[in-house]
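S.K.: The structure follows.
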Amino acid sequence: MSKLVLFDLDNTLLAGDSDYEWGQFLIARGIVDRDLYETKNEQFYQQYKAGTLDIHEFLDFQLRPLALHSRAQLNAWHADFMHDKIKPMMTTAARNLVTQALADADMVAIITATNSFVTAPIAQAFGIPHLIATEPEQINGEFTGKVAGIPSFREGKITRLNDWLAAHNKQLKDFNESWFYSDSLNDLPLLELVSHPVAVDADPTLAAYANKLGWPSISLRN
């Protein structure tokens, strides 16, 4: 019996959205202009929740601040971000689910639309060995503000998953069980692909879809 377990990150394993909170962190520190950035950050977040987000427009906005500061400075800010924003969003229930998956499954990964600069330390904090995320372009270790390759978003998650599996000489069909935990309607393409989709604190669209198809629904908010 071989088993693959995939976790969405924002509003699934985390009781909040790391992408959105990174923007709020930059605002609070005075790193970006509050009036401009706060309005756009909220606008994109609402579009994401509604399933209408233009991922490339969003990434142009979201990755730009990474290009304006050194990697060393960004890493220092991220350490504070982890302590102040992320650790409080890592619930006991989420940690327990991850521990169970790591014990039971052959491969475990986070698969997220949020960029790997923001999410790699979070995956590490959960103890999850693999991360499939949107990749910011880098030159000589510094960010350019552009995206590299296909964003890990909607159908792009399937492409990125298949590429990741291929790099490990695997295909999805090689697993007797494939599990994917997500909160979002944006993840319906991948949820429909795996053998065991699970709705986690689901948005209204996904909750209705899961109820109709008899998918299990759980909460990690305790």
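Taken in order, the sequence shown gives residues 136 to 357; the numbers are from our numbering. Even glycine gets a Cβ: it sits at the ideal position worked out from N, Cα and C.
Closest to D219 by CA distance: which of I246, Q159 and T247 is it?
M.R.: In the sequence shown, counting from the first residue as 1, residue 219 sits at position 84. Nearest C-alpha to D219: Q159.
S.K.: Below 7 Å between beta carbons: does that hold for P332 and L341?
M.R.: For the purposes of this step, residue 332 is identified with residue 197 of the sequence shown, where counting begins at 1. For the purposes of this step, residue 341 is identified with residue 206 of the sequence shown, where counting begins at 1. No, these two residues do not count as a Cβ contact at 7 Å.
S.K.: Out of A301, L300 and E156, state which residue places its alpha-carbon closest to the alpha-carbon of D215.
M.R.: As a working note, residue 215 is residue 80 in the sequence shown. Checking every option, the nearest Cα to that of D215 belongs to E156.
S.K.: Indicate whether S251 and A229 have their beta-carbon atoms separated by less than 7 Å.
M.R.: Counting from 1 along the sequence shown, the entry for residue 251 is found at position 116. Counting from 1 along the sequence shown, the entry for residue 229 is found at position 94. Contact: no.
S.K.: Quick check: what's the CA-CA separation for N231 versus F261?
M.R.: In the sequence shown, counting from the first residue as 1, residue 231 sits at position 96. In the sequence shown, counting from the first residue as 1, residue 261 sits at position 126. Whole-angstrom Cα-Cα distance: 10 Å.
S.K.: Give me the Cα-Cα distance between V167 and L144, rounded to the nearest whole angstrom.
M.R.: Translated into positions along the sequence shown, residue 167 becomes position 32. Translated into positions along the sequence shown, residue 144 becomes position 9. Computed Cα separation, rounded: 25 Å.
S.K.: Would you mind sorting N311 into buried or exposed? The rule is 16 or more other CB atoms within 10 Å of its CB.
M.R.: Position 176 of the sequence shown holds residue 311. Exposed: under 16 other Cβ atoms inside 10 Å.
S.K.: At least one CB of chain D closer than 7 Å to the CB of H265: is that the case?
M.R.: The chain labelled as chain D is not found in the depicted structure, where only one protein chain is given.
S.K.: Measure the alpha-carbon distance for F179 versus S330 and round it to whole angstroms.
M.R.: Along the sequence shown, read from residue 1 onward, the residue named residue 179 stands at position 44. Along the sequence shown, read from residue 1 onward, the residue named residue 330 stands at position 195. The straight-line gap from Cα to Cα measures roughly 31 Å.
S.K.: Exposed or buried, which one is G259 when buried takes at least 16 other CB atoms within 10 Å?
M.R.: For the purposes of this step, residue 259 is identified with residue 124 of the sequence shown, where counting begins at 1. The question names Gly, but residue 259 is Gln in the sequence shown. The residue in question, Q259, is exposed, as its Cβ has fewer than 16 Cβ neighbours within 10 Å.
S.K.: Between L328, F142 and A343, which has its C-alpha nearest T234's C-alpha?
M.R.: In the sequence shown, residue 234 corresponds to position 99, counting from 1. Answer by Cα proximity: F142.
S.K.: Does the distance between the C-beta of A334 and the nearest non-hydrogen atom of the ligand GDP fall short of 6 Å?
M.R.: Summarising the ligand content, the structure contains no ligands, and the ligand GDP is consequently not present.
S.K.: Between the C-alpha atoms of L237 and I257, what's the straight-line distance to the nearest angstrom?
M.R.: The residue you call residue 237 lines up with position 102 of the sequence shown. The residue you call residue 257 lines up with position 122 of the sequence shown. In a straight line, the C-alpha of L237 is about 16 Å away from that of I257.
S.K.: Which one or two residues does DSSP pair with Y316 in a beta bridge?
M.R.: As a working mapping, residue 316 is identified with position 181 in the sequence shown. Y316 pairs with F142 and V333.
S.K.: Given a threshold of 16 other Cβ atoms within 10 Å of its Cβ, counted over all protein chains shown, does R289 qualify as buried or as exposed?
M.R.: By one-based count along the sequence shown, residue 289 stands at place 154. By the 10 Å Cβ count, R289 comes out buried.
S.K.: Ends of the beta strand (DSSP E) at V233?
M.R.: Start at 1 with the first residue of the sequence shown, and residue 233 comes out as number 98. Unbroken run through V233 is the alpha helix (DSSP H), T227 to D239; no beta strand (DSSP E).
S.K.: Could you check how far apart the C-beta atoms of Q182 and L188 are, in whole angstroms? I think they sit under 8 Å.
M.R.: The residue you call residue 182 lines up with position 47 of the sequence shown. The residue you call residue 188 lines up with position 53 of the sequence shown. Contact holds; Cβ gap of about 4 Å.
S.K.: Where does A184 sit, in a helix, a strand or coil, going by DSSP?
M.R.: Stepping through the sequence shown from its first residue, residue 184 is reached at position 49. The displayed chain sequence assigns Lys, not Ala, to residue 184. Helix.
S.K.: So the beta strand (DSSP E) E327 belongs to, where does it begin and stop?
M.R.: Sequence index remark: in the sequence shown, residue 327 carries index 192 (1-based). Here E327 belongs to no beta strand (DSSP E), and DSSP marks it neither H nor E.
S.K.: Just the C-alpha distance for K305 and H213, rounded to the nearest angstrom, thanks.
M.R.: Numbered from its first residue, the sequence shown carries residue 305 at position 170. Numbered from its first residue, the sequence shown carries residue 213 at position 78. Each residue's Cα considered, the two are about 33 Å apart.
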